[in-house]
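Asker:
In my numbering, the protein residues as written are 8 to 340.
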């Protein structure tokens, strides 16, 4: 569906943007692929690897609505990946987080409507479900904005959906490169926040592929959640350094013991498909009558039981130590 189309990625110089660019250029022939981000050095570095004739690099910040409108002229599909994502940084710099994650989301929506974009997918996080930190709260607000945008845009406007998934193996700021750095420095023990802590686990390529597929699935208004495995943090530490001791240092401010992607309070809105869940919009779109149980690809879903919760702690699929090693190796490829 991307052949001959123009695509824009906000925050496109990040881990997701680079892998998405690699995937699109390998499998499709887009008319334009626009990288929209605020860091000129990262754009320069990315341009050394991705310099296809369809590539365009736009300096800009999602806080700047007018610049977004300039960048979105003639664009068919938008992936909104720009965000301030570090939990401690958001706690110490709340207004900056709000400006980027909430005001920035509003600007993306307004620009997409103004320029006649066809489809928009915003990247979210498990931290947006029942948030306990500011980062998660801003992403929940962003999710709500993108869902409601379908009502604002109307029947002829862009379709807006959200993709929510868990921790990306090896991405910047994740625990895997942190552990790797400590191991390379010759530490005698690895710090573990809590011996019971669990996390959802997904590779960057799996996240990109899920977004690509959801452009075909979406009607607008859905929050897509992939079915992915969980890991125990103690097992991850063992997989990466089996000979090292582990020391429990306690949960950091704003951190959860387990992550949730489909809250129990939203179980009446949750549909289960073969390899993913969909959270239907809580609001009714007056212009549209959509049966989300059958998506645009014809895949069939069914309602989950009331009280159902998709949590990393109660996930039926956990990776063991050997599987974690394989998973981490796959993420490096």
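Where is the CB? At the ideal position from N, CA and C, for every residue including glycine.
For residue 306 and residue 143, I'd like the C-alpha separation in whole angstroms.
Answerer: 30 Å
Asker: With C-beta atoms as the reference, is residue 285 less than 8 Å away from residue 229?
Answerer: For residue 285 and residue 229, yes; Cβs fall inside 8 Å.
Asker: Taking the alpha-carbon positions, what's the residue 167 to residue 251 distance?
Answerer: 46 Å
Asker: Taking contact to mean 3 or more Cβ pairs, one atom from each stretch, closer than 8 Å, check whether the stretch 183-203 and the stretch 277-292 are in contact.
Answerer: no
Asker: How close, in whole Å, do the beta carbons of residue 18 and residue 89 come, if the pair is a contact with beta carbons under 8 Å?
Answerer: 3 Å
Asker: Buried or exposed: which applies to residue 157, given that a residue is buried once 16 or more other Cβ atoms fall within 10 Å of its Cβ?
Answerer: buried
Asker: In this structure, what does DSSP give as the bridge partners for residue 126?
Answerer: 84, 166
Asker: Measuring straight from C-alpha to C-alpha, what distance separates residue 318 and residue 29?
Answerer: 31 Å
Asker: Would DSSP call residue 118 helix, strand or coil?
Answerer: helix
Asker: In angstroms with no decimal places, state the Cα-to-Cα distance between residue 106 and residue 115.
Answerer: 12 Å
Asker: Would you call the stretch 92-104 and the stretch 73-83 touching, i.e. three or more CB-CB distances under 8 Å?
Answerer: Not touching, per the Cβ criterion.
Asker: From residue 290 to residue 155, what distance separates their C-alpha atoms?
Answerer: Take the alpha-carbon of residue 290 and the one of residue 155: they are about 8 Å apart.
Asker: Quick check: the stretch 255-270 against the stretch 202-216, are there 3 or more CB pairs under 8 Å?
Answerer: yes
Asker: Could you round the C-beta distance between residue 244 and residue 186 to whole angstroms and report it? I think they count as a contact, below 8 Å.
Answerer: 7 Å
Asker: Between residue 217 and residue 236, how many whole angstroms is the CB-CB distance? I'm expecting something under 8 Å.
Answerer: Between residue 236 and residue 217 the Cβ distance is about 14 Å, and since that is not below 8 Å, they are no contact.
Asker: Restricting to runs no shorter than 4 residues, where is the alpha helix (DSSP H) found entirely within the stretch 172-223?
Answerer: 182-191
Asker: Pick helix, strand or coil for residue 61, following the three-state DSSP scheme.
Answerer: Residue 61 falls in the coil class under three-state DSSP.
Asker: Check the DSSP bridge columns for residue 317 and list the partner residues they point to.
Answerer: According to DSSP, residue 317 bridges with 269.
Asker: Give me the DSSP bridge partner(s) of residue 13.
Answerer: 39
Asker: In or out: residue 316 buried (at least 16 other Cβ within 10 Å) or exposed?
Answerer: buried
Asker: Mark residue 91 as exposed unless 16 or more other C-beta atoms lie within 10 angstroms of its C-beta, in which case mark it buried.
Answerer: buried
Asker: Out of 127, 60, 163, point me to the one whose CA is closest to residue 293's CA.
Answerer: 163
Asker: Pick out whichever of 123, 190, 276, 141 has its Cα sitting closest to the Cα of residue 161.
Answerer: 123
Asker: Alpha carbon to alpha carbon, what distance is there between residue 275 and residue 109?
Answerer: Those two C-alpha atoms are separated by around 26 Å.
Asker: Would a C-beta distance cut-off of 8 Å place residue 131 and residue 146 closer than the cut-off?
Answerer: yes
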